[in-house]
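K.L.:
If you're matching positions, the sequence shown starts at 693 in our numbering and goes up one per residue. Ideal Cβ positions, reconstructed from N, Cα and C, are used throughout, including at glycine. Treat the numbers as computed from the prediction; the structure is a model and nothing was measured.
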Amino acid sequence: MRQKRIKYVTIDLLKEHGVITEVKHLDLPKDKKVFLEIGSGKGQFITSLAKDHPDDFFIAMEVNKYVIYRILEKKLELKLDNLMIVLGDAKDLETYMLNHKIDQLYLNFSDPWPKTKHHKRRLTFPSFLRLYLKVLKPQAILQFRTDHLNLFLDSLEYMETYFDIMDVTYDLEPSTYMTEYEEKKRVLGPIYQLKGKVKQDDSKDI
693 MRQKRIKYVT
703 IDLLKEHGVI
713 TEVKHLDLPK
723 DKKVFLEIGS
733 GKGQFITSLA
743 KDHPDDFFIA
753 MEVNKYVIYR
763 ILEKKLELKL
773 DNLMIVLGDA
783 KDLETYMLNH
793 KIDQLYLNFS
803 DPWPKTKHHK
813 RRLTFPSFLR
823 LYLKVLKPQA
833 ILQFRTDHLN
843 LFLDSLEYME
853 TYFDIMDVTY
863 DLEPSTYMTE
873 YEEKKRVLGP
883 IYQLKGKVKQ
893 DDSKDI
């Protein structure tokens, strides 16, 4: 796989190696915990988790086919049978997760969309949070990391409506599981993290 030039990545190539490229109901295991990362980038975070937790099931979702190729490289190199790669958009989660629920959702260093008129595109914006509640199990956890303080503060405000906040960290220590982006940005400033658990009274009627 690594010999192929990135510019030659095609949908057919991704399909050939098991990447989900169509918006459809995903065939997920019923007997495993399921962890989803939206916006997986090059995949270091989610592939490391999958490698260390072979009894759980992981989904990497990313909209860029060239970036997804990097996740695929890691999956093949590490022989990760418990990782599904989806070339897709978060807005289609209800279709992907039909009859399935997620145990934990990861949002790592998503686009901050700093202009007010673009805030609705943020993956932590209330419209997205309401969508996540439809596919998260009761007591499921959403974990969000960013290096963008304004996005972090806004996201805390967004999440408080729908999640019981478990953790608010303004200078996260390095951990075993980090994205490539986090490793690069750590030397430039603090990393912020939020964790929230689905509110029971809000998860039933969205």
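Report yes or no: do three or more beta-carbon pairs, one from the region 842-850 and one from the region 707-721, lie closer than 8 Å?
P.N.:
With a cut-off of 8 Å, the region 707-721 and the region 842-850 do not count as touching, because too few Cβ pairs lie within range.
K.L.:
Answer yes or no: do L828 and K793 have a C-beta to C-beta separation smaller than 9 Å?
P.N.:
In the sequence shown, the residue the question calls residue 828 occupies position 136. In the sequence shown, the residue the question calls residue 793 occupies position 101. Going by C-beta atoms, L828 is nearer than 9 Å to K793.
K.L.:
Do the region 881-895 and the region 851-871 meet, that is, are 3 or more Cβ pairs less than 8 Å apart?
P.N.:
Touching, per the Cβ criterion.
K.L.:
Within its chain, find whatever has a CB closer than 8 Å to the CB of L880; leave out the 5 residues flanking it on each side and keep chain order.
P.N.:
Position 188 of the sequence shown holds residue 880. Excluding sequence neighbours, L880 sits near D839.
K.L.:
Taking 8 Å as the cut-off, does the region 760-771 touch the region 786-800 (at least 3 CB pairs, one atom from each stretch)?
P.N.:
Touching, no, given that fewer than three Cβ pairs across the two stretches are closer than 8 Å.
K.L.:
Give the secondary structure of K891 by DSSP, where H, G and I count as helix, E and B as strand, and everything else as coil.
P.N.:
The count along the sequence shown starts at 1 and reaches residue 891 at position 199. Coil, per DSSP.
K.L.:
Once you ignore the five residues that flank K707 on each side, which residues in its own chain have a CB closer than 8 Å to its CB?
P.N.:
In the sequence shown, residue 707 corresponds to position 15, counting from 1. If we look at K707 and ignore the five residues flanking it on each side, its Cβ neighbours are T713.
K.L.:
Take D719 as the anchor and find which of N774, L770 and H745 has the nearest alpha-carbon.
P.N.:
Along the sequence shown, one-based indexing puts residue 719 at 27. Among N774, L770 and H745, the Cα nearest to that of D719 belongs to N774.
K.L.:
What are the residues that DSSP puts in a beta bridge with L797?
P.N.:
Taking the first residue of the sequence shown as position 1, residue 797 is located at position 105. Looking at the DSSP assignment, L797 forms a beta bridge with L728 and L834.
K.L.:
Consult DSSP for D897 and reduce its assignment to one of helix, strand or coil.
P.N.:
Within the sequence shown, numbered from 1, the residue matching residue 897 stands at position 205. Interpretation of D897 is limited by its pLDDT of 49, a score under 50 that renders its predicted location unreliable; no figure is taken from the coordinates.
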